[in-house]
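Input: a single structure, listed below in structure tokens.
In this note's numbering, the protein residues as written are 1 to 128.
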């Protein structure tokens, strides 16, 4: 019943292939922390519904998290939803894009960097 209820509101993704939905979305609205960095790589706006006990992100992600639209009240949500979704405005875009690139979520080759790190340790005798 829980999943049927969500399906009546929109698309439900029950497998791990959610990146296609990220690419199709124009904005993410979430109260969850698990997709914040991943969705940020799309460079699209993110409206974060902030819990009463907001956790401060670790320093490498602080700039990125500060580029989200933070919502603490229903009034704030309505204001951001109108501005970002209805009016298609995104005043935090330049800061968000800069933060995404600074964090290495775009413009870097993660797999290549990981492979290089492994090869460096093997070649250097650390993993022998």
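Backbone N, C-alpha and C fix where the C-beta goes; we use that ideal spot for every residue, glycine too.
Predicted model only: the values in this text are computed from it and were never measured.
Residues in its own chain within less than 7 angstroms of residue i by CB, not counting five upstream and five downstream?
{"i": "residue 42", "result": "22, 23"}
{"i": "residue 39", "result": "22, 28, 46"}
{"i": "residue 97", "result": "43"}
Note down, in chain order, each residue of its chain lying with its Cβ closer than 6 angstroms to the Cβ of residue i, except the 5 sequence neighbours on either side.
{"i": "residue 13", "result": "21"}
At which residues does the alpha helix (DSSP H) containing residue i begin and terminate?
{"i": "residue 118", "result": "110-123"}
{"i": "residue 36", "result": "36-40"}
{"i": "residue 69", "result": "Note, residue 69: premise wrong, no alpha helix (DSSP H); beta strand (DSSP E) at 69-71."}
{"i": "residue 49", "result": "Where residue 49 is concerned, there is no enclosing alpha helix (DSSP H), although the beta strand (DSSP E) it sits in stretches over 46-49."}
{"i": "residue 23", "result": "19-24"}
{"i": "residue 9", "result": "2-9"}
{"i": "residue 66", "result": "59-66"}
{"i": "residue 102", "result": "93-103"}
May I have the straight-line CA-CA distance separating residue i from residue j, to the nearest angstrom?
{"i": "residue 68", "j": "residue 107", "result": "20 angstroms"}
{"i": "residue 99", "j": "residue 70", "result": "16 angstroms"}
{"i": "residue 119", "j": "residue 109", "result": "15 angstroms"}
{"i": "residue 64", "j": "residue 37", "result": "8 angstroms"}
{"i": "residue 17", "j": "residue 95", "result": "28 angstroms"}
{"i": "residue 30", "j": "residue 55", "result": "15 angstroms"}
{"i": "residue 104", "j": "residue 88", "result": "27 angstroms"}
{"i": "residue 101", "j": "residue 50", "result": "24 angstroms"}
If I follow the unbroken beta strand (DSSP E) through residue i, where does it start and stop?
{"i": "residue 28", "result": "28-30"}
What do you get for residue i, buried or exposed, if any count of 16 or more other CB atoms within 10 angstroms of its CB means buried?
{"i": "residue 84", "result": "buried"}
{"i": "residue 52", "result": "exposed"}
{"i": "residue 48", "result": "buried"}
{"i": "residue 19", "result": "exposed"}
Give every residue of the same chain whose Cβ lies closer than 8 angstroms to the Cβ of residue i, excluding the five residues on either side of it in the sequence, and list them in chain order.
{"i": "residue 92", "result": "45, 67, 68, 69"}
{"i": "residue 11", "result": "21"}
{"i": "residue 3", "result": "12, 14"}
Is residue i near the ligand HEM, in the sense that its beta carbon is under 8 angstroms from a heavy atom of that ligand?
{"i": "residue 103", "result": "Here there are no bound small molecules, and the ligand HEM is not part of this structure."}
Would you say the region 76-83 touches the region 117-126, given that touching needs at least three Cβ pairs under 8 angstroms? no
Three-pair Cβ contact test at 8 angstroms for the region 106-115 versus the region 48-62: With a cut-off of 8 angstroms, the region 48-62 and the region 106-115 do not count as touching, because too few Cβ pairs lie within range.
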